[in-house]
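First up is the structure itself, then whatever we jot down about it.
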Amino acid sequence: MDFDNSTPIYLQIITLLKKDIATGKLSPGEKLPSTRELAIEYGINPNTSGRIYKEMERDEITFTKRGLGTFVTESQTKIDHIRDDMAKDLINNFINGMIELGYTKDMLIAIIKKESEAK
(Lines of atoms letter the chains of each structure in order from A and count residues from 1; the text may use other names and numbers.)
(Lines give C-alpha, C1' and ligand atoms only; values in the text may rest on other atoms or scores of the structure.)
Protein backbone atom coordinates (compact mmCIF):
# COMPACT_ATOMS: atom_id res chain seq x y z
CA MET A 1 0.00 0.00 0.00
CA ASP A 2 1.24 3.48 -0.85
CA PHE A 3 0.83 5.94 1.99
CA ASP A 4 0.78 9.73 1.89
CA ASN A 5 3.79 11.10 3.76
CA SER A 6 1.86 14.16 4.97
CA THR A 7 -0.50 12.15 7.23
CA PRO A 8 0.42 9.52 9.83
CA ILE A 9 -0.05 5.98 8.52
CA TYR A 10 -2.33 4.95 11.37
CA LEU A 11 -4.73 7.80 10.53
CA GLN A 12 -4.74 6.82 6.86
CA ILE A 13 -5.64 3.22 7.73
CA ILE A 14 -8.33 4.36 10.16
CA THR A 15 -9.83 6.41 7.32
CA LEU A 16 -9.76 3.38 5.02
CA LEU A 17 -11.44 1.19 7.64
CA LYS A 18 -14.04 3.88 8.37
CA LYS A 19 -14.79 4.10 4.66
CA ASP A 20 -15.24 0.32 4.50
CA ILE A 21 -17.64 0.55 7.45
CA ALA A 22 -19.55 3.51 5.99
CA THR A 23 -19.97 1.83 2.60
CA GLY A 24 -21.00 -1.52 4.06
CA LYS A 25 -17.91 -3.37 2.93
CA LEU A 26 -17.48 -4.13 6.63
CA SER A 27 -20.79 -5.02 8.27
CA PRO A 28 -21.97 -4.05 11.76
CA GLY A 29 -20.61 -6.58 14.25
CA GLU A 30 -18.17 -8.06 11.73
CA LYS A 31 -14.89 -9.37 13.14
CA LEU A 32 -11.84 -7.43 12.03
CA PRO A 33 -8.44 -8.99 11.31
CA SER A 34 -6.13 -9.48 14.28
CA THR A 35 -3.51 -6.79 14.84
CA ARG A 36 -0.91 -9.13 13.36
CA GLU A 37 -3.07 -9.81 10.27
CA LEU A 38 -3.76 -6.08 9.85
CA ALA A 39 -0.02 -5.37 10.07
CA ILE A 40 0.71 -7.92 7.36
CA GLU A 41 -2.15 -6.69 5.14
CA TYR A 42 -0.93 -3.09 5.18
CA GLY A 43 2.79 -3.73 5.62
CA ILE A 44 2.96 -1.90 8.94
CA ASN A 45 4.33 -2.55 12.41
CA PRO A 46 2.02 -4.58 14.69
CA ASN A 47 2.26 -1.77 17.27
CA THR A 48 0.72 0.54 14.66
CA SER A 49 -2.11 -1.95 14.18
CA GLY A 50 -2.69 -1.94 17.92
CA ARG A 51 -2.83 1.84 17.91
CA ILE A 52 -5.35 1.80 15.05
CA TYR A 53 -7.71 -0.49 16.95
CA LYS A 54 -7.18 1.43 20.20
CA GLU A 55 -8.10 4.73 18.51
CA MET A 56 -11.11 3.21 16.77
CA GLU A 57 -12.34 1.67 20.02
CA ARG A 58 -11.89 4.98 21.83
CA ASP A 59 -14.09 6.59 19.15
CA GLU A 60 -16.63 3.73 19.55
CA ILE A 61 -16.17 2.61 15.94
CA THR A 62 -15.09 -0.83 17.11
CA PHE A 63 -15.29 -2.89 20.27
CA THR A 64 -13.16 -5.70 21.63
CA LYS A 65 -14.33 -8.99 23.07
CA ARG A 66 -11.54 -10.33 25.23
CA GLY A 67 -10.10 -13.47 23.68
CA LEU A 68 -12.26 -13.16 20.56
CA GLY A 69 -10.96 -10.06 18.78
CA THR A 70 -12.05 -6.66 17.55
CA PHE A 71 -15.42 -6.08 15.91
CA VAL A 72 -17.15 -3.29 13.96
CA THR A 73 -19.67 -1.33 16.01
CA GLU A 74 -23.22 -2.66 15.87
CA SER A 75 -24.66 0.86 16.18
CA GLN A 76 -26.21 1.93 12.89
CA THR A 77 -26.42 5.47 14.31
CA LYS A 78 -22.64 5.50 14.78
CA ILE A 79 -22.11 4.14 11.25
CA ASP A 80 -24.43 6.81 9.81
CA HIS A 81 -22.48 9.44 11.76
CA ILE A 82 -19.18 8.17 10.31
CA ARG A 83 -20.65 8.31 6.81
CA ASP A 84 -22.02 11.84 7.35
CA ASP A 85 -18.68 13.07 8.71
CA MET A 86 -16.82 11.62 5.73
CA ALA A 87 -19.29 13.25 3.33
CA LYS A 88 -18.85 16.63 5.04
CA ASP A 89 -15.07 16.32 4.77
CA LEU A 90 -15.33 15.57 1.04
CA ILE A 91 -17.66 18.49 0.47
CA ASN A 92 -15.50 20.91 2.47
CA ASN A 93 -12.35 19.83 0.62
CA PHE A 94 -14.15 20.29 -2.71
CA ILE A 95 -15.50 23.73 -1.77
CA ASN A 96 -12.14 24.92 -0.43
CA GLY A 97 -10.37 23.69 -3.57
CA MET A 98 -12.86 25.42 -5.83
CA ILE A 99 -12.59 28.68 -3.86
CA GLU A 100 -8.81 28.50 -4.26
CA LEU A 101 -9.41 28.24 -8.01
CA GLY A 102 -11.49 31.42 -7.88
CA TYR A 103 -15.01 29.96 -8.14
CA THR A 104 -17.93 31.70 -6.46
CA LYS A 105 -20.86 30.02 -4.70
CA ASP A 106 -23.10 30.53 -7.74
CA MET A 107 -20.46 29.11 -10.06
CA LEU A 108 -20.09 26.04 -7.80
CA ILE A 109 -23.84 25.43 -7.81
CA ALA A 110 -23.96 25.73 -11.62
CA ILE A 111 -21.09 23.25 -12.04
CA ILE A 112 -22.64 20.77 -9.62
CA LYS A 113 -26.02 20.97 -11.40
CA LYS A 114 -24.40 20.52 -14.80
CA GLU A 115 -22.27 17.55 -13.73
CA SER A 116 -25.07 15.83 -11.82
CA GLU A 117 -27.39 16.08 -14.84
CA ALA A 118 -24.72 14.42 -16.98
CA LYS A 119 -24.67 11.37 -14.69
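Numbering-wise, the sequence shown is residues 1 to 119 according to full-length UniProt numbering. Note that beta-carbon positions come from the ideal geometry of N, C-alpha and C, so glycine has one too. The model shown is predicted, which means the values in this text are computed figures rather than measured ones.
Checklist entry - For residue 128, which of D59, P8, T15 has the nearest alpha-carbon? => result One cannot answer for residue 128 here, as it falls past the ends of the chain, which runs 1 to 119.
Next on the checklist: For S27, which residues in the same chain have their Cβ closer than 7 Å to its Cβ, ignoring the five residues on either side in sequence?
Outcome noted: Correct list, in chain order: V72.
Item to check | Three-state class that DSSP yields for F94 in the structure shown | outcome: In the structure shown, F94 sits in a helix (DSSP, three-state: H, G or I).
Checklist entry - Expressed to the nearest angstrom, what Euclidean distance is found between the alpha-carbon atoms of A110 and N93? => result Distance between the alpha carbons of A110 and N93: 18 Å.
Checklist entry - Apart from the five residues on each side of it in sequence, which residues of its chain come closer than 6 Å, Cβ to Cβ, to S49? => result T35, L38, A39, listed in sequence order.
Next on the checklist: Using 8 Å as the threshold, is the C-beta distance between M86 and Y42 below it?
Outcome noted: No.
Next on the checklist: Within 8 Å of any Cβ in chain C, is that where the Cβ of Y42 sits?
Outcome noted: Looking for chain C here will not work: only one protein chain is present.
Checklist entry - Quick one: Cα of T70 to Cα of I21, how far? => result Looking at the two C-alpha atoms, the distance is approximately 14 Å.
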